[in-house]
Amino acid sequence: MFDMKCKIHKHTNIKTGLTKEEVLKSKPNVYIDQNTRTVGQIIKENSITLFNGINVVLAIMVALTGSFRNMLFIGLVVINTVIGIIQELRSKKVLDNLALLNQQKAKVLRDGKVVQLPVEQIVKNDILYLSSGDQVCVDAVCVDGSVECNESILTGESDSVEKRFGDTLMSGSFVVSGKAKVQVVQVGKDTYSHAILESAKREKQYPSELRDSIDAIIRFCTIVLIPTGATLFIKQMMDAQTPWRDAVLATVAAVIGMIPEGLVLLTSTALALGAVKLARKKVLIQELYCIETLARVDTLCLDKTGTITQGSMKVVLTDGLGISSDEEIQYILSRMYTALDDDNSTAQAIRAYAGKGDGTCVRTIPFSSARKASGVVFEGEKAYITGAYQFVCSQKQPWLESRIQEYAKQGMRVLVLARGSIIGNTLKGNHEVIGLICIQDVLRPNIRRTLSYFYKQDVDVKIISGDDPRTVAAIAAKAGVRGKAIDMTTVKDIDQAVQNYSIFGRVTPEQKKQMVLALKDQGHTVAMTGDGVNDVMALKEADCSIAMGSGSEATKSVASLVLLKDQFKAMPAILREGRIVINNIQRSASLFLVKTMFSFGLALFSIFWLSGYPFKPIQLSMVSLLGTGLPGFILTLEPNEERVQGHFLWHVFGRAFPGAFMVILSVAVCNLFRIPLAMSDAQFSTICTIVASWTSLSVLYTVCVPMTKLRKILMVCMLAGFVIGLSLFHGLLYLVSLSFWQIIYLLCNMAIIPDILLIARNLVDRTILKRK
2 MFDMKCKIHK HTNIKTGLTK EEVLKSKPNV YIDQNTRTVG QIIKENSITL
52 FNGINVVLAI MVALTGSFRN MLFIGLVVIN TVIGIIQELR SKKVLDNLAL
102 LNQQKAKVLR DGKVVQLPVE QIVKNDILYL SSGDQVCVDA VCVDGSVECN
152 ESILTGESDS VEKRFGDTLM SGSFVVSGKA KVQVVQVGKD TYSHAILESA
202 KREKQYPSEL RDSIDAIIRF CTIVLIPTGA TLFIKQMMDA QTPWRDAVLA
252 TVAAVIGMIP EGLVLLTSTA LALGAVKLAR KKVLIQELYC IETLARVDTL
302 CLDKTGTITQ GSMKVVLTDG LGISSDEEIQ YILSRMYTAL DDDNSTAQAI
352 RAYAGKGDGT CVRTIPFSSA RKASGVVFEG EKAYITGAYQ FVCSQKQPWL
402 ESRIQEYAKQ GMRVLVLARG SIIGNTLKGN HEVIGLICIQ DVLRPNIRRT
452 LSYFYKQDVD VKIISGDDPR TVAAIAAKAG VRGKAIDMTT VKDIDQAVQN
502 YSIFGRVTPE QKKQMVLALK DQGHTVAMTG DGVNDVMALK EADCSIAMGS
552 GSEATKSVAS LVLLKDQFKA MPAILREGRI VINNIQRSAS LFLVKTMFSF
602 GLALFSIFWL SGYPFKPIQL SMVSLLGTGL PGFILTLEPN EERVQGHFLW
652 HVFGRAFPGA FMVILSVAVC NLFRIPLAMS DAQFSTICTI VASWTSLSVL
702 YTVCVPMTKL RKILMVCMLA GFVIGLSLFH GLLYLVSLSF WQIIYLLCNM
752 AIIPDILLIA RNLVDRTILK RK
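FYI, in the working numbering the residues of the sequence shown are 2 to 773.
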């Protein structure tokens, strides 16, 4: 708990709030937690990168040799950078526009009127209205009313903390029950929790195999690139027959070949495109890599109310149990829910049924997810309590449980209406139950079809609810949920429960969190949906958290994506989009790594065996453009909804290795035939360039199998580019004429490469890629 106290230096009238003039003089809540980077950040982070810096140094080295046509690679770097910037700016525009629909707002008292304002327009000394579900966006002091706050985002403690007059409410906490007026004392970066929230909210590092794998590739390339290049340059300079200009060009060719810069651009572009596509479906992505996580999800935890049901509850009947009449129950409820500030869907349903009542209220205890009950004390009367039977009655009453069970089996939520005494904030006791309130919700349209899709995709579905497990089981059965139900008030071993059951009732917020952690500990990738403050702690722990647009501000603030229109039926489309992105990145990444792997291998060969590196910088342009760059980006646009299988690194290296090995092997064999075929250095370089380009195209062919219309067009265009490059730009690429036997050798080499790569691909698919 916090021991820090905020002080009010200037009291604001709690009946009128600040005036317009006072607002202009006050400090605004200028710090905005943006979901997307600024334009400046996008330009800077795409331009100033390690690999761009290395490329600039290499370009300067080539310029010193006077061989300016070998600087063509820097043009490709500029094009890649510009494409990345343009794509991210387009994505930013779409996501920023969509984020306006999800903008957090606060109820502020200004000039005697309550207005809803974006949180950045709140100023110091403003009077705010807070109620259940609101996230506290500033540091404030309670000046009227009382609320219970969850400060777990700040402290890690899940217990609710009561806030009364004079108590401090910290930015980042959220209200779980009650209503209060608070005066703002600190805003923006001055809030106590600012530094904590930077790392504890959405900015937490979501698990991403894709991000980790690419980071590992970049780290490896960075580690080996400079020492390998330096050693190659020194080795060639030690050869008296190698001019320094040739040594520089060979070293530059080796180094630029080892840089997988297109892979980084490919990944960011594919993820950004996925986010834009989902934005068009009114799905706001708040954490880019959650697209990948969704594609790997194998367990989906759903809240019942507002997720599989519409959340539009209605009181369908009351049962006086032979003690009270329906009219008496309605009268008591009207008085209770006029006094209570509860504003959840259950309270709204009861108010709609009971109407307004009267009576002098002495005390109220609002509903909370932990208590699962509400209480009111009227002057001169006993207390009235409504809530779940297990959380209101301390003594078992079998006849009453049997009656409740009858209604619960029909899919009704059953609350007891009890009369008794309240001690402190504890509502459970030896109360007299005087009636039952039966509430029903409506299933979402197409919910059976949506859940059926997930089952077909081997995604296990678990329903988690605070309601009676029999009620939850009845509704879950109608929705097509498979599995057994359990009452979580009876569970001692949560690990066993999540393994053996699929429907959970009477779940507390803390248990939801423990269930998600248990599933993750068992090796599952967990996605969770939620809309209420009782879901926040569990959402924070899920691998991918999904909030409803109509949910509480606290829920949306910690979610990795938000369904702005509450369209749960969009979930299959989200899963499919995730698969498209990851499968396409996985497939295209192997194209980029072929060049990286054979460049590194040939650099080592050149150091220990070959007389010199076989390529000049410009000669690798054929590989970069036709074998990796263009086809890699085009293939990311293709729909591929297959299940994501295996490990990313195993996939990309497994597919890239045969192609890279073929290039290295072909160069090595060609080196053996240099003397028999009387190859000059220029002819040797020409054959190696053609073989490397042809091998890259052959790898592209294996990636494209089985062929689709798009893939056929792509292959034809790349082959045409290959022919055009050899026939029209041979001079630019330093390609020279070959002798008859050299041509025969080259054609024989090219003829066997595609078949060998297809055999290698099938072998890799049957062995390496089956590893998890």
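Here a beta-carbon is modelled for each residue, glycine too, at the ideal position from N, C-alpha and C.
Keep in mind the model is a prediction, meaning the values are calculated, not measured.
**OP:** Kindly provide the ranges of any beta strand (DSSP E) runs that are 3 or more residues long and lie completely inside the region 381-446, ordered along the chain.
**Re:** With a minimum length of 3 residues, the continuous beta strand (DSSP E) runs that stay inside the region 381-446 are 384-388, 414-421, 433-441.
**OP:** May I ask you to report which of helix, strand or coil DSSP gives serine 172?
**Re:** The residue given as residue 172 occupies position 171 in the sequence shown. Coil, per DSSP.
**OP:** Return the CA-CA distance between alanine 571 and lysine 282, expressed in angstroms with no decimal places.
**Re:** Here residue 571 corresponds to residue number 570 of the sequence shown, with the count starting at 1. Here residue 282 corresponds to residue number 281 of the sequence shown, with the count starting at 1. Rounded to whole angstroms, the gap between the alpha carbons of alanine 571 and lysine 282 is 8 Å.
Original post:
Under 9 Å, do glutamine 136 and serine 561 count as touching if we go by C-beta distance?
Top reply: Taking the sequence shown and counting its residues from 1, one reaches residue 136 at position 135. Taking the sequence shown and counting its residues from 1, one reaches residue 561 at position 560. No, Cβ-Cβ distance for glutamine 136 and serine 561 is not below 9 Å.
Original post:
Identify the residues that DSSP records as bridge partners of tyrosine 130: which are they?
Top reply: Taking the sequence shown and counting its residues from 1, the one referred to as residue 130 is at position 129. DSSP output for tyrosine 130 lists Lys108, Lys182 as bridge partner(s).
Subject >> Assigned secondary structure, asparagine 30 (DSSP; H/G/I helix, E/B strand, else coil) >> reply: Here the question's residue 30 lines up with position 29 in the sequence shown. In the structure shown, the three-state DSSP call for asparagine 30 is coil.
Original post:
What's the C-alpha gap between lysine 170 and aspartate 140?
Top reply: In the sequence shown, the residue the question calls residue 170 occupies position 169. In the sequence shown, the residue the question calls residue 140 occupies position 139. According to the sequence provided, residue 170 is leucine. The question's lysine does not apply to it. Note on geometry: alpha-carbon atoms of leucine 170 and aspartate 140 lie some 6 Å from one another.
**OP:** Please classify proline 618: is it buried, with 16 or more other beta-carbons within 10 angstroms of its beta-carbon, or exposed?
**Re:** For the purposes of this step, residue 618 is identified with residue 617 of the sequence shown, where counting begins at 1. So proline 618 ends up on the buried side.
Original post:
What does asparagine 151 pair with, by DSSP beta-bridge criteria?
Top reply: Sequence index remark: in the sequence shown, residue 151 carries index 150 (1-based). For asparagine 151, which the question treats as bridged, DSSP gives the partners Ser161, Phe175.
Subject >> Cβ contact check for the region 429-441 and the region 330-348: 3 or more pairs under 8 Å >> reply: Inter-segment contact for the region 429-441 and the region 330-348 is present: three or more beta-carbon pairs are separated by less than 8 Å.
Original post:
Can you give, in chain order, each stretch of the beta strand (DSSP E) that sits fully within the region 513-586 and has at least 3 residues?
Top reply: Within the region 513-586, the complete beta strand (DSSP E) segments at least 3 residues long are 527-531, 545-549, 562-564, listed from N- to C-terminus.
Original post:
Out of Asp112, Val284, Val492, Arg656, which has the shortest C-alpha to C-alpha gap to asparagine 763?
Top reply: Translated into positions along the sequence shown, residue 763 becomes position 762. Nearest C-alpha to asparagine 763 among Asp112, Val284, Val492, Arg656: Arg656.
Original post:
Any idea if cysteine 749 is buried or exposed, counting beta-carbon neighbours within 10 angstroms, 16 or more meaning buried?
Top reply: In the sequence shown, the residue the question calls residue 749 occupies position 748. In summary, cysteine 749 is exposed, with fewer than 16 beta-carbon neighbours lying within 10 Å of its beta-carbon over all protein chains present.
Original post:
Starting from alanine 248 and walking both ways along the alpha helix (DSSP H), at which residues does that stretch end?
Top reply: By 1-based counting over the sequence shown, the position of residue 248 is 247. If you look at alanine 248, you'll find it in the alpha helix (DSSP H) that goes 245-259.
Original post:
When the Cβ atoms of the region 664-675 are set against those of the region 629-640, are three or more pairs found closer than 8 Å?
Top reply: Because the criterion of three Cβ pairs below 8 Å is not met, the region 664-675 and the region 629-640 do not touch.
Original post:
Does the region 292-312 come close enough to the region 525-541 to have 3 or more Cβ pairs within less than 8 Å?
Top reply: Flag = yes, the region 292-312 and the region 525-541 touch.
Original post:
Between serine 779 and the rest of its own chain, which residues show a CB-CB distance below 8 Å, the 5 nearest in sequence each way excluded?
Top reply: No statement about residue 779 is possible, as the shown extent of the chain runs from 2 to 773 and does not include it.
Original post:
arginine 483 by DSSP, collapsed to three states: which one?
Top reply: Residue numbering aside, residue 483 sits at position 482 when the sequence shown is read from its first letter. In the structure shown, arginine 483 adopts coil according to DSSP, grouped into three states.
Original post:
Can you check whether the CB of serine 209 is closer than 9 Å to the CB of tyrosine 290?
Top reply: One-based indexing of the sequence shown puts residue 290 at position 289. One-based indexing of the sequence shown puts residue 209 at position 208. Annotated as proximal: tyrosine 290 and serine 209, with beta-carbon spacing under 9 Å.
Original post:
Would the C-beta of glutamine 497 count as close to the ligand NAD, meaning under 8 Å from any of its heavy atoms?
Top reply: For the ligand NAD, the structure offers nothing, since it holds no ligand at all.
**OP:** From the DSSP output, in three-state form, read off glycine 263 for me.
**Re:** Position 262 of the sequence shown, counted from the first residue, corresponds to residue 263. In the structure shown, glycine 263 sits in a helix (DSSP, three-state: H, G or I).
**OP:** Using beta-carbon positions only, say whether arginine 352 and phenylalanine 379 come within less than 9 Å of one another.
**Re:** To locate residue 352, count along the sequence shown from 1; it is residue 351. To locate residue 379, count along the sequence shown from 1; it is residue 378. Phenylalanine 379 is positioned such that its CB atom lies no closer than 9 Å to that of arginine 352.
Original post:
Okay, do the region 499-516 and the region 482-491 touch, 3+ Cβ pairs below 8 Å being the bar?
Top reply: Under the Cβ criterion (8 Å, minimum of three pairs), the region 499-516 counts as touching the region 482-491.
**OP:** Compute the beta-carbon to beta-carbon distance between alanine 409 and alanine 475, rounded to the nearest angstrom, for a pair I have assumed lies under 8 Å.
**Re:** Along the sequence shown, read from residue 1 onward, the residue named residue 409 stands at position 408. Along the sequence shown, read from residue 1 onward, the residue named residue 475 stands at position 474. Alanine 409 to alanine 475, Cβ: 7 Å. Contact.
Original post:
Expressed to the nearest angstrom, what Euclidean distance is found between the alpha-carbon atoms of lysine 182 and leucine 51?
Top reply: Here residue 182 is taken as the residue at index 181 of the sequence shown, counted from 1. Here residue 51 is taken as the residue at index 50 of the sequence shown, counted from 1. The straight-line gap from Cα to Cα measures roughly 51 Å.
Subject >> Beta-carbon separation (whole angstroms), alanine 590 vs leucine 264, contact threshold 8 Å >> reply: For the purposes of this step, residue 590 is taken as the residue at position 589 of the sequence shown. For the purposes of this step, residue 264 is taken as the residue at position 263 of the sequence shown. So it is a contact: roughly 6 Å between Cβ atoms.
Original post:
For the candidate residues Thr687, Ile676, Phe658, whose alpha-carbon lies nearest to that of valine 765?
Top reply: Locating residue 765 in the sequence shown gives position 764, where the first residue counts as 1. For valine 765, the nearest C-alpha among the options comes from Phe658.
Original post:
Hey, serine 686 and phenylalanine 730 are a contact pair by Cβ (cut 8 Å); roughly how many whole angstroms apart?
Top reply: By one-based count along the sequence shown, residue 686 stands at place 685. By one-based count along the sequence shown, residue 730 stands at place 729. A Cβ-Cβ separation of about 15 Å leaves serine 686 out of contact with phenylalanine 730 under the 8 Å criterion.
Subject >> Alpha carbon of phenylalanine 569 to alpha carbon of glycine 533, nearest angstrom >> reply: By one-based count along the sequence shown, residue 569 stands at place 568. By one-based count along the sequence shown, residue 533 stands at place 532. A straight-line Cα-Cα distance of about 16 Å links phenylalanine 569 and glycine 533.
**OP:** Scan the region 451-505 and note each continuous alpha helix (DSSP H) run of 4 residues or more that stays entirely inside, going in chain order.
**Re:** Within the region 451-505, the complete alpha helix (DSSP H) runs of at least 4 residues are 470-480, 495-501.
Original post:
Which whole-angstrom value is the C-beta distance of threonine 597 and cysteine 222, which I expect to be below 8 Å?
Top reply: In the sequence shown, residue 597 corresponds to position 596, counting from 1. In the sequence shown, residue 222 corresponds to position 221, counting from 1. Their Cβ separation, rounded to whole angstroms, is 7 Å, which keeps threonine 597 and cysteine 222 in contact under 8 Å.
Original post:
With C-beta atoms as the reference, is valine 148 less than 9 Å away from lysine 106?
Top reply: Within the sequence shown, residue 148 is the residue found at index 147, counting from 1. Within the sequence shown, residue 106 is the residue found at index 105, counting from 1. Between valine 148 and lysine 106, the gap from beta carbon to beta carbon reaches 9 Å or more.
**OP:** Label glutamine 187 either buried or exposed according to how many other C-beta atoms from any shown protein chain fall within 10 Å of its C-beta, with 16 as the threshold for buried.
**Re:** Mapped onto the sequence shown, residue 187 falls at position 186. Looking at its Cβ environment, which holds 16 or more other Cβ atoms inside 10 Å, glutamine 187 is buried.
Subject >> CB-CB length for glutamine 587 against valine 653, believed under 8 Å >> reply: Along the sequence shown, read from residue 1 onward, the residue named residue 587 stands at position 586. Along the sequence shown, read from residue 1 onward, the residue named residue 653 stands at position 652. In this structure glutamine 587 is in contact with valine 653, their Cβ atoms being roughly 6 Å apart against a cut-off of 8 Å.
Original post:
When DSSP labels each residue in this structure, what does valine 363 get in the three-state scheme?
Top reply: Within the sequence shown, numbered from 1, the residue matching residue 363 stands at position 362. Strand.
Subject >> Distance, serine 27 Cα to valine 142 Cα >> reply: Looking up residue 142 in the sequence shown gives position 141. Looking up residue 27 in the sequence shown gives position 26. Answer to the nearest angstrom: the Cα atoms are 17 Å apart.
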